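Step one of this worksheet: look at the structure below.
4 protein chains.
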Amino acid sequence: MSKKQQILATALKLFVTNGFHGTATAKIAEEAGVANGTLFHHFKTKEELVVALYVSIKEELAISMGSITHATEFITPQFKNVYYHTIEWALANRDKFYYIGLFEMSPYRSQVSNETMWQQSIVLYQLITEGIRKKLLQPRPIDMLLTLYNSNIFGIYQYLTRGANSEKERQAVINDGYEMIWDMLKFR
Amino acid sequence: MSKKQQILATALKLFVTNGFHGTATAKIAEEAGVANGTLFHHFKTKEELVVALYVSIKEELAISMGSITHATEFITPQFKNVYYHTIEWALANRDKFYYIGLFEMSPYRSQVSNETMWQQSIVLYQLITEGIRKKLLQPRPIDMLLTLYNSNIFGIYQYLTRGANSEKERQAVINDGYEMIWDMLKFR
Amino acid sequence: MSKKQQILATALKLFVTNGFHGTATAKIAEEAGVANGTLFHHFKTKEELVVALYVSIKEELAISMGSITHATEFITPQFKNVYYHTIEWALANRDKFYYIGLFEMSPYRSQVSNETMWQQSIVLYQLITEGIRKKLLQPRPIDMLLTLYNSNIFGIYQYLTRGANSEKERQAVINDGYEMIWDMLKFR
Amino acid sequence: MSKKQQILATALKLFVTNGFHGTATAKIAEEAGVANGTLFHHFKTKEELVVALYVSIKEELAISMGSITHATEFITPQFKNVYYHTIEWALANRDKFYYIGLFEMSPYRSQVSNETMWQQSIVLYQLITEGIRKKLLQPRPIDMLLTLYNSNIFGIYQYLTRGANSEKERQAVINDGYEMIWDMLKFR
DNA sequence: TATGAATGAGGTTTCATTCAT
DNA sequence: AATGAATGAAACCTCATTCAT
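Chains as they are written, first to last, in numbering that gives the first Met the number 0: chain A, 0 to 187; chain B, 0 to 187; chain C, 0 to 187; chain D, 0 to 187.
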């Protein structure tokens with residue numbers, strides 16, 4: 000792992016634990032095992048680091064989401080697939096998923112283009128569009144559906160990580176969550 | 000408006016705009032038109048200010064929510080009522096509503112009791128419990144329903160405040176939002 | 000002496016000795032016997048301190064120059080008077096006089112209005128104008144005369160402070176200097 | 000232009016614009032289009048660069064000055080010649096001329112021998128000495144005359160570069176300047 | 001000769017907080 | 001209750017310099 004990546008990894012851990020303000024750049028450098036100046040060699044400012052970290056996580060998520068699109072006809076199982084994949088990614092990458100929320104609630108949010116912000120949703124965007132066209136989903140503004148889908152994912156994630164559940168409970172919650180989202184979106 | 004209230008009002012505006020870290024106590028005092036020391040005369044620490052602001056907003060919201068509970072029998076219209084009331088409050092008090100989310104995402108979160116955090120939800124809690132018992136809502140863990148309900152409200156709020164809509168569009172979104180939440184929760 | 004004045008006095012001493020760059024704000028605070036933050040309480044930035052110091056010195060010099068104008072008719076002795084007063088002020092306030100040169104050679108120069116820069120020259124400006132009108136001085140652009148007058152004063156000052164002369168030698172140099180300047184300017 | 004020369008040229012431009020402190024070595028390297036390390040490959044330290052630049056400019060000036068000394072008998076036209084040549088060089092090489100002043104006001108000054116500092120003045124030194132001997136110039140300490148001559152040249156330079164004059168005005172100022180200097184120095 | 005990542009000491013500035021008035 | 005000068009720890013960032021390639 001390059002020093003730059005070490006810095007990003009350490010920053011993620013510390014930002015998630017202590018918040019942006021609670022994390023001094025010196026602390027990041029120290030825990031990453033690099034000199035203070037090295038951090039600023041790679042990222043001109045703390046803000047640049049914060050944003051770069053966000054962008055890199057979004058890219059990673061987008062790639063992960065992209066990896067499940069084996070083009071299809073029926074959207075329903077595909078949609079379910081996307082849902083499960085997202086939740087699983089969130090659970091397997093809790094810090095990263097939490098960081099996304101942290102960042103998007105912060106004033107840094109405005110530093111990033113909408114494109115970056117929505118890039119992992121392309122798959123979903125296409126599915127939902129197709130779903131509406133086929134009258135499998137309700138005919139509502141696509142952005143609204145996406146926004147609500149995302150808040151729900153975040154809600155389920157929160158509920159999952161608050162209570163420390165067994166694997167079985169976890170699966171139950173995930174399944175329940177899917178049904179609720181599906182009930183919310185499906186055409187009737 | 001007393002100096003203390005001026006401080007709270009200014010703090011709200013600045014915290015929402017620039018985040019907790021981005022807002023120096025000196026800036027709050029200055030914009031509130033009081034001396035630096037005055038702020039600390041009313042709030043022993045910055046943290047105390049942050050928390051007091053949260054608590055006061057929550058109380059205000061709780062009172063507002065409480066004002067619509069004329070004891071209930073039928074839950075459905077009541078539930079709808081609560082939803083509309085919440086969204087309207089959020090739109091009429093954007094900064095305050097956003098501040099709630101900001102605070103709850105922040106490390107300050109742990110400074111506040113669960114009771115305070117959920118106090119405005121009592122009505123909702125009772126309604127949902129009753130709704131499940133009466134088989135009007137789906138039988139799922141009450142906390143899960145509450146969490147998802149809240150994320151959805153926040154999602155709708157976000158969608159509403161992002162696009163600058165006309166009053167008519169706004170009403171449409173609010174109505175759509177209700178239907179979606181209701182579809183998600185209702186017994187079938 | 001107020002803390003603010005202590006800071007200014009210490010800054011003068013250190014800037015003259017070590018240059019702007021060679022003087023850390025922390026060093027100024029320390030030698031002035033105040034806390035680091037106190038310096039920044041009074042001067043928002045180091046640059047503001049540098050400029051404020053310049054302005055205060057210029058004001059002091061302007062006041063000192065103003066104090067010798069007992070309005071007169073004959074300009075020649077008056078002019079001589081101004082010359083001697085300036086040189087004496089420079090020798091009695093070496094740090095301050097040197098600081099003026101330091102500042103005006105530095106990039107900070109552009110932070111200050113022309114008015115501030117020339118304020119101590121009002122007396123001189125009037126005298127020279129009058130001198131030209133009366134055909135006692137050569138008819139050249141007033142700004143040019145002022146500029147050359149000033150560079151000469153600075154040259155004489157440099158020559159005086161380079162060699163460590165006796166009081167007698169010093170007087171001789173000062174007298175010589177006057178004659179040279181007078182020869183340069185006088186109508187013929 | 001070799002990389003070394005590119006570095007010197009860029010350093011000159013930046014030092015003159017932003018001062019020594021305001022100019023980071025990294026900035027110089029960047030603007031010169033070379034790598035950071037390359038600068039230090041050619042100049043062991045920043046100070047070495049600053050001094051080397053000064054020395055090279057002084058050499059250039061000395062050579063330029065030397066080019067007009069075809070052994071002399073009459074000093075007056077020769078003297079005038081030297082004056083015009085200096086002013087013209089200063090105007091044709093503003094950054095370089097300004098840099099000389101900058102350097103000599105700075106703490107780096109002490110890094111350089113008197114010989115280097117006065118090398119371009121040899122011609123002048125000889126002329127003035129001769130002029131005094133022949134009773135064409137006033138009998139004053141040679142160093143004093145040199146110092147005042149130099150401050151005057153600098154004064155004229157400043158006056159010329161401040162106002163943006165036409166070529167005709169510029170010539171007038173240069174001529175006036177010569178007369179003033181000559182009036183100041185000539186035996187009477 | 002040329003590069004540019006890496007360094008870490010040290011600089012400027014911020015800021016929550018205190019306290020005498 | 002209200003003030004604002006004073007504090008000093010700690011934050012962010014700069015920068016001359018080194019060194020392996």
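The beta-carbon is built from N, C-alpha and C at its ideal position, and this holds for glycine as well.
These figures come from a predicted structure and were not determined experimentally.
The Cβ atoms of residue 55 of chain B and residue 7 of chain B lie closer than 8 Å to each other. Beta bridge pairing from DSSP links residue 185 of chain C with C:136. With a cut-off of 8 Å on Cβ pairs, the region 14 to 28 of chain B is not in contact with the region 24 to 41 of chain A, counting fewer than three such pairs. According to the DSSP assignment, residue 148 of chain D belongs to the alpha helix (DSSP H) that extends over 141 to 161. Residue contact with chain C for residue 106 of chain D: present (Cβ-Cβ distance below 8 Å to some residue of chain C). With a cutoff of 8 Å on beta-carbon distance, residue 80 of chain B and residue 62 of chain B are scored as not near each other. At least one beta carbon of chain B lies nearer than 8 Å to the beta carbon of residue 146 of chain A.
Annotation for residue 49 of chain B: the continuous alpha helix (DSSP H) segment containing it runs 45 to 65. With a threshold of 16 other beta carbon atoms within 10 Å, residue 149 of chain A meets it and is buried. The region 157 to 165 of chain C makes no contact with the region 156 to 172 of chain D: fewer than 3 CB pairs, one atom from each, lie closer than 8 Å.
When 8 Å is used as the limit between beta carbons, residue 81 of chain C is near no residue of chain D, the shortest such separation being about 18 Å. Secondary structure of residue 18 of chain C (DSSP, three-state): coil.
Here residue 9 of chain A is buried. Its C-beta has 16 or more other C-beta atoms within 10 Å. Per DSSP, the continuous alpha helix (DSSP H) segment holding residue 82 of chain B begins and ends at 74 to 91. Residue 112 of chain A carries a coil assignment under DSSP once its states are collapsed to helix, strand and coil.
The distance from the Cβ of residue 152 of chain D to that of residue 99 of chain D is about 11 Å, inconsistent with a contact at the 8 Å cut-off. Taking a C-beta distance under 8 Å as the contact criterion, residue 46 of chain C and residue 107 of chain C qualify as a contact pair. When Cβ-Cβ separations below 8 Å define contact, residue 172 of chain A makes contact with chain B. The C-beta distance from residue 135 of chain B to residue 185 of chain B rounds to 7 Å, short enough to fall under 8 Å. Using a Cβ distance threshold of 8 Å, residue 170 of chain A and residue 126 of chain A do not count as a contacting pair. By the criterion of a C-beta distance shorter than 8 Å, residue 3 of chain B is surrounded in its chain by 41, once the five residues flanking it on both sides are discounted. The alpha carbon of residue 175 of chain A has as its nearest neighbour, out of A:112, A:15, A:82, the alpha carbon of A:82. Within chain A, no residue has its CB atom less than 8 Å from the CB of residue 102 of chain B, the nearest being about 10 Å off. Assigned with DSSP and collapsed to three states, residue 172 of chain C falls in helix. When Cβ-Cβ separations below 8 Å define contact, residue 14 of chain B makes no contact with chain A. Taking a beta-carbon distance threshold of 8 Å, residue 157 of chain A counts as an interface residue toward chain B.
The alpha-carbon of residue 64 of chain C is positioned some 21 Å away from that of residue 178 of chain C.
Residue contact with chain C for residue 84 of chain D: absent (no Cβ-Cβ distance below 8 Å to any residue of chain C). Using a Cβ-Cβ cut-off of 7 Å, residue 20 of chain D is close to 19, 20 of chain C, given in chain order. Residue 42 of chain B: not part of any alpha helix (DSSP H); DSSP gives it neither H nor E. Chain order gives the chain B residues near residue 175 of chain A as 137, 139, 140, 143, where near means a beta carbon separation below 9 Å. Within chain C, the residues whose beta carbon sits less than 8 Å from that of residue 154 of chain D are 146, 147, 149, 150, 151, listed in sequence order. The continuous alpha helix (DSSP H) containing residue 28 of chain A extends over residues 24 to 31.
Burial is judged here by how many other beta carbons sit within 10 angstroms of a residue's own beta carbon; residue 146 of chain C has at least 16 and is buried. For residue 74 of chain C, the closest C-alpha among the options C:131, C:32, C:52 is that of C:131.
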